[in-house]
Structure formats: C-alpha cells, structure tokens
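Residue numbers (my numbering), protein chains in the order written: chain A, 1 to 414; chain B, 415 to 828. Cβ coordinates follow ideal geometry from the N, Cα and C atoms, glycine included. Below: one structure, written as structure tokens.
Protein chains: 2
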Amino acid sequence: MTMTMTLVDGPGLAAHRPAFASWLGMTNDITRTFLAAGGIPGLINMAGGLPAPQTYPATEIAEIARRAIEIHPADVLGYGPVEGLPELRDALAQRFASPRLPLTRANVLVTAGGMQGLDLLGKVLIEDGGLIAGQFPTYLGALDAWRPRGPVFRNMVIDAPGFDPVVALTGAQFAYTVPNFSNPTGRMVGLEARQALVDAAHRTGTWLVEDDPYGALQYEGAPLPRMIGLSAEARPDRPYDGPVVYMGTCSKEIAPGLRIGWVIAAPGMIEALAMAKQGSDICTSGITQRIALDAMAAGLVERIRPTILDTYRRRRDALCAAMTDHLADWFDWEVPLGGMFVWAVAHDPSLDTDLLLPHAMAAGVCVAPSSVFDASGLNRRAIRINFTLNDPDTLTEGVRRLATALMTLQARRR
Amino acid sequence: MTMTMTLVDGPGLAAHRPAFASWLGMTNDITRTFLAAGGIPGLINMAGGLPAPQTYPATEIAEIARRAIEIHPADVLGYGPVEGLPELRDALAQRFASPRLPLTRANVLVTAGGMQGLDLLGKVLIEDGGLIAGQFPTYLGALDAWRPRGPVFRNMVIDAPGFDPVVALTGAQFAYTVPNFSNPTGRMVGLEARQALVDAAHRTGTWLVEDDPYGALQYEGAPLPRMIGLSAEARPDRPYDGPVVYMGTCSKEIAPGLRIGWVIAAPGMIEALAMAKQGSDICTSGITQRIALDAMAAGLVERIRPTILDTYRRRRDALCAAMTDHLADWFDWEVPLGGMFVWAVAHDPSLDTDLLLPHAMAAGVCVAPSSVFDASGLNRRAIRINFTLNDPDTLTEGVRRLATALMTLQARRR
Chain A
1 MTMTMTLVDG
11 PGLAAHRPAF
21 ASWLGMTNDI
31 TRTFLAAGGI
41 PGLINMAGGL
51 PAPQTYPATE
61 IAEIARRAIE
71 IHPADVLGYG
81 PVEGLPELRD
91 ALAQRFASPR
101 LPLTRANVLV
111 TAGGMQGLDL
121 LGKVLIEDGG
131 LIAGQFPTYL
141 GALDAWRPRG
151 PVFRNMVIDA
161 PGFDPVVALT
171 GAQFAYTVPN
181 FSNPTGRMVG
191 LEARQALVDA
201 AHRTGTWLVE
211 DDPYGALQYE
221 GAPLPRMIGL
231 SAEARPDRPY
241 DGPVVYMGTC
251 SKEIAPGLRI
261 GWVIAAPGMI
271 EALAMAKQGS
281 DICTSGITQR
291 IALDAMAAGL
301 VERIRPTILD
311 TYRRRRDALC
321 AAMTDHLADW
331 FDWEVPLGGM
341 FVWAVAHDPS
351 LDTDLLLPHA
361 MAAGVCVAPS
371 SVFDASGLNR
381 RAIRINFTLN
391 DPDTLTEGVR
401 RLATALMTLQ
411 ARRR
Chain B
415 MTMTMTLVDG
425 PGLAAHRPAF
435 ASWLGMTNDI
445 TRTFLAAGGI
455 PGLINMAGGL
465 PAPQTYPATE
475 IAEIARRAIE
485 IHPADVLGYG
495 PVEGLPELRD
505 ALAQRFASPR
515 LPLTRANVLV
525 TAGGMQGLDL
535 LGKVLIEDGG
545 LIAGQFPTYL
555 GALDAWRPRG
565 PVFRNMVIDA
575 PGFDPVVALT
585 GAQFAYTVPN
595 FSNPTGRMVG
605 LEARQALVDA
615 AHRTGTWLVE
625 DDPYGALQYE
635 GAPLPRMIGL
645 SAEARPDRPY
655 DGPVVYMGTC
665 SKEIAPGLRI
675 GWVIAAPGMI
685 EALAMAKQGS
695 DICTSGITQR
705 IALDAMAAGL
715 VERIRPTILD
725 TYRRRRDALC
735 AAMTDHLADW
745 FDWEVPLGGM
755 FVWAVAHDPS
765 LDTDLLLPHA
775 MAAGVCVAPS
785 SVFDASGLNR
795 RAIRINFTLN
805 DPDTLTEGVR
815 RLATALMTLQ
825 ARRR
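Set out below in structure tokens:
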C-alpha cells in the first residue's frame, strides 16, 4: 500500500497513484483468458468450464422471462430482499430437504452464481492469514474469490493414503471440497471419505464447504449422499444447524447466463453471508431469480437433463478415445463418471504444462495448466481438459493439436 | 479470528465454530431492515432509497427481455466477458464521451448495480488500515461495501469553510464523493468545489470516485459538469486515463431489479476492477445486460424520464410542505434540487435520532437515522427522509406520524 506506480497525468502533471492492493500482484487472469478464448478465430477452447450453448432452452426461457416480468413487475423490477426471493428460497429448501434434513427458508441464500457464494464465504470467514483446508488440486475460481482476503492454504489430498480429516480441519476457518466430479480432477470423493470429513467437521467445529456445481452431471453409476445430508442425520428435529455449507448453481442445469446460485447452511451462516451480500450487490436481480424459480417449477431442469447428459457423455467418450490415440505416450488419466473435465497427469514429472500452454495456443488449442489449481502455483505436471463445450470431431482435432504442441515442446527440451 | 462461538451440534456434540470475520461485529443490518420494512403491514417506509414501482416500464421490459433471449441466446445465456457485453460497454462509452472526454470500451466496466462498483473498488484499493477520504456524511452502502476491507475514514465536509481538498486527498487511497444530490444530504457539490477536488486529485494522484446514481433525477436548474469531464479537459488526445472513477446505474433511470451499473475510469483501473469482478461473480447476467442495452438503444430511458421527474418533483414538494407544517419546530432542512432524499438536522444538538427510530417505528413510519451515514456511528442529530417511494398523501401521513414520534421522545426526555 505504500508502493506507488507512476502515471503521466497530462502535460507537466506527473501523478503518483496509490498502489493497488497486494493480492492483485499475486493473481492471474486465466479465467478471463479462457472466456476471451472464444473470440480467437479457429482456436479450440478446451480450457474453460463452459456448457454447450445448444443445450440452453432459449425459447422456453424467453417466454418465462416475458411472463415473469409482466406478472410480477414490482417483485422483479424493484430491489428484492438481500437473501433472495422468498418463493425461490422456499423452493430450494424444499428441493434439498429430506426427512433427515429439515430445511426452511432460513437455511437458504440466493447468490449471483456459484462464484458469489465463494466470495461471500471469504468475506465472512477469512481475515489476513486465515487458514483454509482446501481439497487439492483446488478450483481456480475459489482461489480467485479468496485471494483478496489473504488466506493461507492447507492442501488436502483427500484420497492420499493416511489422509486424516481431523488433522486437516483442525485450526482451519473452513474446509473446501468439491465432492462430485471435482474441479479440476473430475474425481468423486467416496462415501467413506465423505463420512470421515463430516465426522471431522462435527468434531472440530470447522465449517465444511460442499461445493456441488456438477452433481447433476453424472453419466454413470448412482449418486453418493451429500455431506450436508450425512451431517444432518444426527438431528432430524429442527432446521439444519450443522457445519456443512452446501453450494449449488443453475449454471450447469439451466444456463450460466442466469447467474443464479445458492448456499444452503445453518441459519447463522446464512445471516452472516447475507450481511456480506448486502455490501456486495444489495440483492440479485429479481428477473433472473424469477426465471430460475419458474423454470424449476415448470420442470424445465428435468426436461432438458437427458439431452445434456447424453450430449456430454458422448463428448467425454470422444475426448477419451482421442486421448488414447494421441496422448497416451505423455499422460495418464481416469475417465470421469461425471462433470466437465478430464485431468491428465504427465508420466514425466519434469514436464511443465505452463511451458506447454503457449505451444498449445500456437497449435490452435487451449487447455488449463495445473498451476492455476494450486494456490502456490507449483503443481505443473498436469492439464485439465474440458469436454462439454465442443462436439466430438472438434474435441478429436483439439487433442491432435495438443499432441503437436507436446512434440514441439519435447523437441525444444532436447 | 481466535474467538469462537459455541453452538450445540447434536446430542453430546459441542462444536466450537471458527469465528466470523471481525467486521461483522462492526456492521448493522439497516439496509436489510429498510428492504424488509416493505413487508410490515401499515408501516410507511420513508427510510430506504426505493423508486416508485409504478414508474417501472414493465410491459416494455418484458417484451425486450423476450426478444433479447430469443435473438441472442448464446450471448445472454452463456458466460459473458468479465468486463461486460462489448456492445453495452461501447454504448456506455459513447453515452458519456464528449469531444474533451474520449472514451472507449477499455474505459468501461459493467457491474451488478452501482453497489458492486463500490465493492470492487474496495477490493482493489483497500487493505487493512487503508485510508479513504469520504464525503461526509457518507452513503451507508459505501460504508457497508468497504467495511470487510478494514479501511480508516477521513471525513470530508466539502462545503465547510476552509475545506482543503489537497490536504483531504493527500495519503488517501481514494476520495469518495456523490456530487449530485448526495446520499444522504441531497446537496449538490458546486462547480468550484468540483474543480478544486479534480485539481487536488491531479496534484496528489489520489483516485477520485464520482458516484452518480442520482444525476438523472434533477427537478430544477441546470446540471453541473461531471468531475470526470473536468479532469479530462487537459488531455483530449487519448482515452481517458486520469484519476476520476465515475460510477452510474440503471436503478434510478430504468429499474433497480436489472442490477446493472457501470464504472468509467482509466483502462488500468478497469483492468484491476475486472480482476476483482472475476473472483466475485465471474460476470453479470447477459440477460439483464442485454435488457439494459436494448432499453437504452430503444430510447426507453428518455421516454420514461419526464414521468419519473414529474412524479418525484410532486412527491418532494408534498414532503417538504408536510415537513413545514409538522416538523419545523424540531428540524432544519433544504429543499433538494434532485435525488431521492431530504436531510433534516435537529435544532437541538442533543436530539438523538437513533433513539427516535423505535418511536417512529411504533408510530408506523420508518426513516434513516444519521448514525448509519457515519463510519464511526457518532453523528446522531439528523434523519434522511425518502420521498420517491410513497405518494403525496402517504408522505404527509408519514410526516404526521414522525411528529407523533418526536413528541413521544420529547415527553420521555423530560
């Protein structure tokens, strides 16, 4: 804050601007690069976590939007309650409740997409040097959201031998997990590990974040129980008041452009997050909240899900087949049961995927290097490949280009 | 952060949750109270800054929304660029540019309402203990937005005799002003003071925030030049790169439910704010951005403005007439030339408007006490009365109830 940068302010006026906050010097603009990659002609973007636009139910949403604004003009065009439209909070409470997990409106906060839930959580739980126990590797958007709060990360490799959730959670402000088809690895956290994390949260008191944007995108097998449900089993008699903070979003099941997400948690946590939301954007647009509510009520989510699942399953299979043909000499990977990504780890521990990226861009393909999923930026041996945005032929061509980039990198290293 | 609160987590499980961030203990939920006041039957809400719902062009917006989603499904339903829809950024650049103030898309960030601009500004400029020179009294939403960043405030009473902008701005990360019909006082900052603030910003290098939600709500007289325009006069040859950070919103000229605002500033500041926005909500909904763009392009703002101005002018006059009839024994005020509020200062310096509030609520009326516009909470001699939400008869009745509350308070003090 005492550093300044010099800008020329006009003839004869040299102004010394106050410095930007220090976290800006520790960040990267990779998400903006991913979003902008769509604008580069001919580039195959396998980096971001973008859905297939052809799955968006545009005609239905257009009509839902028109009716929502005509029928509820004061609700949707005015300021709404900070916590969200009461009807949407009720609908979400009902959707995620079970006999063992009683939920009311007081357990629900509506957010501007899943990302805002992460931002608000950082605001209410992290002060400079505060400790986060984060599932490693870690969703880069979560790292982005918390960087301005100056946290310290303790990496949790949940499926590593000897991983002890109680040790991991002790002293942390919260633990962060993506149990379903984790971003970036595509892995599921198994039932035993979920139960152990919940038990550790109950024992240590640490908040346990269950970030679940991908739960609905399961292509094979049965879903595993949510941690918030496992946490609730001990207390079926009153609205959930335990340590799990569950987060979800419309982005993967309807469309990201709605920017509607939700947090389901103890009423005291919802209150704190609402205080933070009041100072962040006052409230989320009533227009998009009402569209989400009416789309859910009309069964739109269930109606489009088979098409989404079928589309993404075929794309995942095409990507993995092309990887077997072209990338098996360099990388290992697992075929994910759901989600949007394949995580490929190089055989050669000295392969630096940060160095691969410019060659990939030059060859006309973009993937996400593993360094961006590590708060310390040290993990450089893997790449995250998205399979939801592009059709099978484009994915195959993208993998071919990636193989070209790998050969170029290898030639340079010799 | 080392404090804990004890919650009972289930039979036999006493969990010690990590403490919430310390700023939560220093805040108030007055904005939520204002927004919720709409739900209390019979209460006349003159506290918040809410527009008159009957001014919302609901039918037009409903049709604009339908067409926007049908015509641009991929744009509005997908993730968009962090900085905003390029066409909306261009339209805003064009709207605020002048021959002396050249603006391009690089000068513009689209935000989730005006509030998000304040939140992002705090993220990029404030670290613990950072100094803000804030026009005093200060918009409570700005105090809310910056509280999680731990700032220190230097109060600027801009029209006080001897006010020296250079002294005020020196050492501050930024200066915060609402030059048009300031929230809460309704005052305009005069031309001479605007020029002096701009000169001081150029001389000290300090960023100068010109928050302008109310500029379009002027009921009498001619508008004064924007500070960003005054700042630009020295440098007509390239996109604006000076210290003024201008902020605006659709909330007062179309409808707050769109949650669309904007920041116009030097490209380097826009870049920094975009990095903060990436980690806050990724991007603003394309649906609401496109509605704002199409509404502006269709001339909707200009078409509804005469009705808005006429409605609010009559409401302001009704409020001030009722105040003259019922409140002149207690308060002084100026009739504001624009905006949404009358600021009434008690004759008696010992009148505590925090103590008035519960009596007002009991009498069936809600106003904003001055303490919430002071970072230190010490200013307790005034009230802010909104005149835009209620019709003239309701305003008159609200003032009568306020007089009743004052008499009750007075009787108790004796």
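- Membership of arginine 568(B) in the beta strand (DSSP E) is indicated by the continuous run 566-570.
- Counting only unbroken stretches of 4 or more residues, the alpha helix (DSSP H) elements lying wholly within the segment 42-114 of chain A are 58-71, 73-77, 86-96, in sequence order.
- Tyrosine 654(B) does not reach chain A, its nearest Cβ partner there being about 11 Å away, counting only Cβ pairs nearer than 7 Å.
- Nearest in C-alpha terms to proline 720(B), of all of Tyr633(B), Asp626(B), Asp655(B), is Tyr633(B).
- Apart from sequence neighbours up to five positions away, the residues of its chain that approach leucine 355(A) with a beta-carbon distance below 7 Å are Leu409, ordered along the chain.
- Between glutamine 173(A) and chain B, the shortest Cβ-Cβ separation is below 7 Å.
- Its chain contains no residue whose beta carbon lies nearer than 6 Å to that of methionine 361(A) once the 5 sequence neighbours on both sides are disregarded.
- In the three-state reduction of the DSSP assignment, valine 779(B) falls in the strand class, which pools E and B.
- Non-local beta-carbon contacts of leucine 101(A) in its own chain, meaning distances under 7 Å to residues more than five positions away in sequence, involve Ile228, Gly229, Ala232, Tyr240 in chain order.
- Classified as buried, glutamate 210(A) has 16 or more neighbouring CB atoms from the shown chains inside 10 Å of its CB.
- Collapsing the DSSP output to three states places valine 658(B) in a strand.
- By the rule that beta-carbons nearer than 7 Å mark a contact, glutamate 127(A) touches chain B.
- DSSP places phenylalanine 181(A) outside both helix and strand once states are collapsed to three, so it counts as coil.
- Between glycine 453(B) and glycine 778(B), the CB-CB gap reaches or exceeds 7 Å.
- At least one CB of chain A lies nearer than 7 Å to the CB of methionine 529(B).
- Relative to the Cα of threonine 618(B), the nearest Cα in the group Tyr628(B), Leu631(B), Ala582(B), Arg730(B) belongs to Ala582(B).
- A direct Cα-Cα distance of roughly 21 Å separates alanine 615(B) from alanine 520(B).
- Per DSSP, the continuous beta strand (DSSP E) segment holding arginine 384(A) begins and ends at 382-386.
- Apart from sequence neighbours up to five positions away, the residues of its chain that approach threonine 170(A) with a beta-carbon distance below 7 Å are Thr204, ordered along the chain.
- Taking valine 538(B) as the centre and dropping the five residues before and after it, the same chain places the C-beta of Ala686, Leu687, Ala690 closer than 7 Å to its C-beta, in chain order.
- Residues of chain A with a Cβ closer than 8 Å to the Cβ of tryptophan 621(B) are, in chain order, Arg17, Pro18.
- Distances from the alpha-carbon of glutamine 530(B) to those of Phe550(B), His486(B), Glu501(B), Gly675(B) put Gly675(B) closest.
- Taking 8 Å as the Cβ-Cβ cut-off, the segment 43-64 of chain A approaches chain B at Gly48, Leu50, Pro51, Pro53, Tyr56, Ala58, Thr59, Ile61, Ala62, Glu63, given in chain order.
- Chain order gives the chain B residues near serine 285(A) as Gly671, Leu672, Arg673, Ser699, Thr702, where near means a beta carbon separation below 7 Å.
- Here glutamine 278(A) is not near valine 152(A), since their CB atoms are 7 Å or more apart.
- Nearest neighbour of tryptophan 207(A) by Cα position, chosen from Gly635(B), Arg431(B), Pro783(B), turns out to be Arg431(B).
- Considering only Leu611(B), Leu545(B), Tyr553(B), the residue with the shortest C-alpha distance to arginine 568(B) is Leu545(B).
- Methionine 570(B) is a Cβ neighbour of glutamine 549(B), given a cutoff of 7 Å.
- Per DSSP, glutamate 667(B) lies in no beta strand (DSSP E) segment and is marked neither H nor E.
- Annotation: the segment 721-771 of chain B contains the following complete segments of the beta strand (DSSP E) (minimum length 3 residues), in chain order: 745-747, 755-760.
- Residues of chain B whose Cβ lies closer than 8 Å to the Cβ of valine 76(A) are, in chain order, Gly671.
- The beta carbon of proline 243(A) lies closer than 7 Å to those of Ala201, His202, Gly205, Thr206, Trp207, Leu208, Ser231 in the same chain, with the five residues before and after it left out.
- Restricting attention to Glu667(B), Thr599(B), Glu716(B), the CA atom closest to the CA of leucine 751(B) is found in Thr599(B).
- A contact is defined here as three or more CB-CB pairs under 8 Å, and the segment 141-152 of chain A fails this definition with respect to the segment 286-301 of chain A.
- The C-beta of glutamate 233(A) comes no closer than 7 Å to any C-beta of chain B.
- The C-alpha of glutamate 716(B) lies about 12 Å from the C-alpha of leucine 631(B).
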